[in-house]
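Mapped onto numbering that gives the first Met the number 0, the consecutive letters of the sequence shown carry residue numbers 0 to 179. Positions of the beta carbon are idealized from the N, C-alpha and C atoms, including for glycine. Bear in mind the structure is a predicted one, so any value in this text is a computation, not a measurement.
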Amino acid sequence: MSNFSPYLERNQAFAASGAQADVPRIPFVPFKQLYLIICIDPRVEPAAVLGVRLGEAIVARNVGGRVTPAIIKDLAWIVHLHENKTPDADWFEIAVIHHTDCGSGFLADDGLRAGYAARGGWDEQTSSEMAVLEPSKTVQKDIAKLRAAPELASAIGNIKIGGYTYDLATGRITTVVQPG
């Protein structure tokens, strides 16, 4: 049996529920106007930690929940769609969440980082910068990156951007950078 088999069974129940019909009419305008950037760590699943439901948010997940050039390009696409397809719709809010005990912290290990670079991963400098060792500091850096991104400049006055940390031990999210 495949590890994926139970999920196929769960999908059958989901499909039978009809919940797939209750999604946003426009694909890039989620019900709650939220664009969430969060880590790929399975311990920070947005549906469990935040109660995010189908259609409420766009969720971007990557190593550390970091703001990368790829994240900025994705956001630029959503901004472009918004400006050109739904110019009168409400703007969304971006929430960046970094968490304690993040596996990206292993990128601070010289040997692991060098090995990763050698196999074609990020270069060592980029890898080192991706490590989330102090979530409250890295989330502030990522908010600054978003606010300074030229690709997002046309929307910065309309989009709120907030930074948060999630504590794995307590299950609590703390605001580090107020949305603004």
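Distance, residue j Cα to residue i Cα
i	j	result
residue 139	residue 97	10 Å
residue 141	residue 58	16 Å
residue 179	residue 35	15 Å
residue 220	residue 101	Nothing in the structure corresponds to residue 220, since the chain is present only between 0 and 179.
residue 14	residue 127	42 Å
residue 51	residue 172	14 Å
residue 38	residue 91	20 Å
residue 116	residue 106	10 Å
residue 137	residue 54	28 Å
residue 124	residue 89	38 Å
residue 120	residue 148	24 Å
For residue i: DSSP bridge partner residues
i	result
residue 176	162
residue 34	57 and 93
Whole-angstrom C-beta distance between residue j and residue i, which should lie under 8 Å
i	j	result
residue 160	residue 93	5 Å
residue 165	residue 48	6 Å
residue 56	residue 151	No, residue 56 and residue 151 are not in contact; Cβ-Cβ is about 18 Å, not under 8 Å.
residue 175	residue 135	5 Å
**Study point:** Segments of 3+ residues assigned as beta strand (DSSP E) that fall wholly inside the segment 78-139
**Key:** 92-98
Exercise for review: Starting from the N-terminal side, write out each stretch of the alpha helix (DSSP H) that is 4 residues or longer and does not extend beyond the segment 3-33.
Suggested key: 4-16
Check your understanding: Does the pairing of the segment 115-135 with the segment 60-68 give three or more beta-carbon distances under 8 Å?
Key -> yes
Review point. Are at least three pairs of beta-carbons, each pair with one atom in the segment 72-85 and one in the segment 10-29, less than 8 Å apart?
Key: yes
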